[in-house]
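Engineer: Pasting a structure below so you can have a look.
Protein chains in written order, with our numbering: chain C, -17 to 247; chain U, 2 to 368.
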């Protein structure tokens, strides 16, 4: 049973406060989406949970243990991050990069054994990157790199997974495949998943609950139908959109209306 | 028939390549290479001790070296001068060159890894400029120190090198973290400032100018055993500590945020590696002078041959740096005797073409 809880969390850089009063609870088997305009603090939240930036207030609990009292390695064994447009060292092969996901599980001076290799191969097969195994990271496309970082996160064998725009470099097919894979693993492995997403349609299709952030605070939280409404999108993003419902599953679909057609051209 | 066979084998080979999911960490080959390099290092030491302005037969060198081992009685059939040349002059010189080469190469690899910058070398954040200024001041002070038969130049160079980096470190620190870009900028700026003072002192120094400028280009013209005994523990222990951080450096080749999310304590690792790499560089520089090129090129050459994995890159750099600098020093003292060519000139003149050859041969991303 995995559980990530944020209790009245305040985060920021130096003197600047980016997020405050954040309460979130995520359990095994749940995919929670975080949406909100650029600069609303989605990436900051992920950095805070993995202690890349220190907590300014409140507490974050990983399976009931505060991140304040555990080592960076303990955090990495529980939480894996798929970063937004990851920097990958160009000279390393894809295989070596995925194997580095095993880092938190290895003892001092221990070398990767057959077990780690098997885990890495399985992770690459799941993310459709196994054919890239011997290629150097410098030769890969943005989408291939993105899938490789997902494979690395899988190799990390976490209980909680944080995704920062996991689909930003992917074409529509890989966007679907990636999110399908994550929701499937979420159910099968009992992961607790927190995904920062730009695309409101993908968020509505793949998340049980959506948290909408605005100006460093939680603006609204609930099911896709409750959160993704024309009024909320107008108030948070300042954009005029139409919200329709999906013909197959009745989930909200955000439609953009181009001005040139609107004017009757 | 032959064609069919070769096609078949080609197909089998590609098929094998496709299913090659064996451990990509090819440690067996790399460990074998390390053993080979270690044997080569011993041979090179032995060779360099025998060679010189007065060439000594290998058999005599072996006998003299063996006679140094206690409880081993070797019949003495050589002159006292020969023994002095071997044990008093060449041996400490060769060992010092080896230690210096090892220190510069491993410190260079560490800096390149920490700064994720292929242009980084051990002198990037001010060690050399600080040591240079210290040495020049040491030259100008008209007192001859006989403190442990160390001269003032070495002591001041060591203090200068460490002092400069300490200043850079305190200037570059932002709160509790240590942003690498700020550190480089502080290092470059302080380095320029210190170089300006050094240059001014050099041109106004008059007759001691020659001595100073040849020190600044590096070399081991007056080696003493005490130099070896001081640098040996510092460099051995320092290099060992750095080698333990191979995996952390690998993971830190992602950015710092990802490294932290993979469980590396980034700030602590940076601090330890910076301090240790700087310490061994300062120790090396204070007796060898500012020998360029080794610290930047040896790690790259190793990377070209054995790949970017720091767990192998660091120890292999130590061995290659040792071998390279011993051979360079041998050339520096034997090419046109009795004049010695400054070591910095030799390392670049002979090392650069070799490196360019390696670079040309392998046209893939190495860093």
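By construction, the Cβ of each residue, glycine as well, lies at the ideal position given by its N, Cα and C atoms.
On a predicted model such as this, the values are computed, not experimentally measured, just so you know.
1. Mind checking the region 256 to 277 of chain U against chain C and listing, in chain order, the residues whose C-beta falls within less than 7 Å of any C-beta there?
2. Please report whether the beta-carbon of residue 28 of chain U lies at a distance below 8 Å from any beta-carbon of chain C.
3. Compare the C-beta of residue 1 of chain U against all C-beta atoms of chain C and say whether one is closer than 8 Å.
4. Hey, residue 124 of chain U and residue 322 of chain U are a contact pair by Cβ (cut 8 Å); roughly how many whole angstroms apart?
5. For residue 391 of chain U and residue 307 of chain U, which I take to be in contact (beta-carbon distance under 8 Å), what is that distance rounded to the nearest angstrom?
6. Residue range of the alpha helix (DSSP H) that residue 300 of chain U falls in?
7. By the criterion of Cβ-Cβ separation under 8 Å, what are the contact partners of residue 309 of chain U in chain C?
8. Note down the Cα distance separating residue 249 of chain U from residue 274 of chain U, rounded to an integer number of angstroms.
9. Compute the distance between the beta-carbons of residue 128 of chain U and residue 166 of chain U, then report whether it is under 8 Å.
10. As an exercise, report each continuous beta strand (DSSP E) stretch of at least 3 residues that is fully enclosed by the region 72 to 97 of chain U, in chain order.
11. What residues in the region 45 to 56 of chain C have a beta carbon less than 9 Å from any beta carbon of chain U?
12. Under the assumption that residue 14 of chain C contacts residue 31 of chain C (Cβ atoms under 8 Å), give the Cβ distance between them as a whole number of angstroms.
13. Have a look at the DSSP bridge pairing and note the partners of residue 240 of chain C.
14. Using the C-alpha atoms, what's the distance from residue 66 of chain U back to residue 75 of chain C?
15. Kindly indicate which residue of C/222, C/195 and C/220 has the alpha-carbon position closest to the one of residue 209 of chain C.
16. Using a 10 Å radius around the Cβ and a threshold of 16 neighbouring Cβ atoms, would you call residue 87 of chain U buried or exposed?
17. Closer than 8 Å is the cut-off here; do at least three beta carbon pairs connect the region 253 to 267 of chain U with the region 55 to 66 of chain U?
18. Determine the chain C residues that contact residue 118 of chain U at a beta-carbon separation under 9 Å, and present them in chain order.
19. Expressed to the nearest angstrom, what Euclidean distance is found between the alpha-carbon atoms of residue 18 of chain U and residue 113 of chain C?
20. Which ranges does the alpha helix (DSSP H) cover as unbroken runs of at least 4 residues, wholly within the region 213 to 279 of chain U, from first to last along the chain?
21. Locate the alpha helix (DSSP H) running through residue 167 of chain C, then write down its first and last residues.
22. Quick one: what's got a C-beta closer than 7 Å to residue 49 of chain C's C-beta in the same chain, skipping five residues either side?
23. Give the interface partners of residue 86 of chain C over in chain U, defined as CB-CB distance under 7 Å, in chain order.
24. Just the chain C side, please: which residues come within less than 7 Å of residue 180 of chain U by C-beta, in chain order?
25. Beta carbon of residue 311 of chain U, beta carbon of residue 251 of chain U: below 8 Å?
26. Can you give me the C-alpha to C-alpha distance between residue 221 of chain U and residue 313 of chain U, rounded to a whole angstrom?
27. Indicate whether at least one CB of chain U lies closer than 8 Å to the CB of residue 29 of chain C.
28. Give me the subset of the region 240 to 255 of chain U whose CB atoms are less than 8 Å from a CB atom of chain C, sorted by chain position.
29. For the alpha helix (DSSP H) that residue 321 of chain U lies in, which residues bound it at each end?
30. Does the distance from the C-beta atom of residue 1 of chain U to that of residue 175 of chain U stay below 8 Å?
31. Express the C-alpha separation of residue 108 of chain U and residue 163 of chain U in angstroms, rounding to a whole number.
32. Quick check: is the beta carbon of residue 78 of chain U nearer than 8 Å to any beta carbon in chain C?
33. Which term fits residue 15 of chain U, buried or exposed, when burial requires 16 or more other beta carbons within 10 angstroms of its beta carbon?
34. Going along chain C, which residues have a C-beta under 7 Å from residue 316 of chain U?
35. Let me know the secondary structure DSSP gives residue -13 of chain C once reduced to three states.
36. My assumption, with CB atoms under 8 Å, is that residue 80 of chain C sits in contact with residue 105 of chain C. Please give the rounded CB distance.
Structural biologist: Looking at the coordinates:
1. 256, 258, 259, 261, 262, 263, 264, 265 and 266
2. yes
3. Only positions 2 to 368 of chain U appear in the structure, and residue 1 of chain U is not among them; the question remains open.
4. Rounded, the Cβ-Cβ distance is 15 Å, inconsistent with contact.
5. No statement about residue 391 of chain U is possible, as the shown extent of chain U runs from 2 to 368 and does not include it.
6. Its alpha helix (DSSP H) spans residues 295 to 307.
7. 71, 73 and 74
8. 10 Å
9. Yes, they are a contact pair.
10. none
11. 53, 54, 55 and 56
12. Incorrect: roughly 12 Å between the Cβ atoms, too far for contact.
13. None, per the DSSP bridge assignment.
14. 46 Å
15. Checking every option, the nearest Cα to that of residue 209 of chain C belongs to C/195.
16. buried
17. For the pair of segments examined, the region 253 to 267 of chain U was found not to touch the region 55 to 66 of chain U: the number of CB pairs separated by less than 8 Å stays below three.
18. Near residue 118 of chain U there are no residues of chain C at all, since even the closest Cβ is about 12 Å away, more than 9 Å.
19. Low confidence applies here, because residue 18 of chain U scores a pLDDT of 46, under 50, leaving its location unreliable; read the following figure in that light. Going by the C-alpha atoms only, they are around 10 Å apart.
20. 226 to 245, 247 to 252 and 257 to 262
21. 154 to 171
22. If you ignore the 5 residues before and after residue 49 of chain C, its C-beta comes within less than 7 Å of the C-beta of 33, 42 and 57, all in its own chain and listed in chain order.
23. 263 and 264
24. Chain C residues near residue 180 of chain U: none, gap ~12 Å exceeds 7 Å.
25. yes
26. 29 Å
27. Residue 29 of chain C counts as touching chain U.
28. Listed by position, the residues of the region 240 to 255 of chain U near chain C (Cβ gap below 8 Å) are 245, 248, 251, 252, 254 and 255.
29. 311 to 335
30. Outside the displayed range of chain U (2 to 368) lies residue 1 of chain U, so it cannot be described from this structure.
31. 14 Å
32. no
33. Interpretation of residue 15 of chain U is limited by its pLDDT of 46, a score under 50 that renders its predicted location unreliable; the figure taken from the coordinates is listed afterwards. Under this definition residue 15 of chain U is an exposed residue.
34. Simply none; closest approach about 13 Å.
35. strand
36. Right, their Cβ atoms sit about 6 Å apart.
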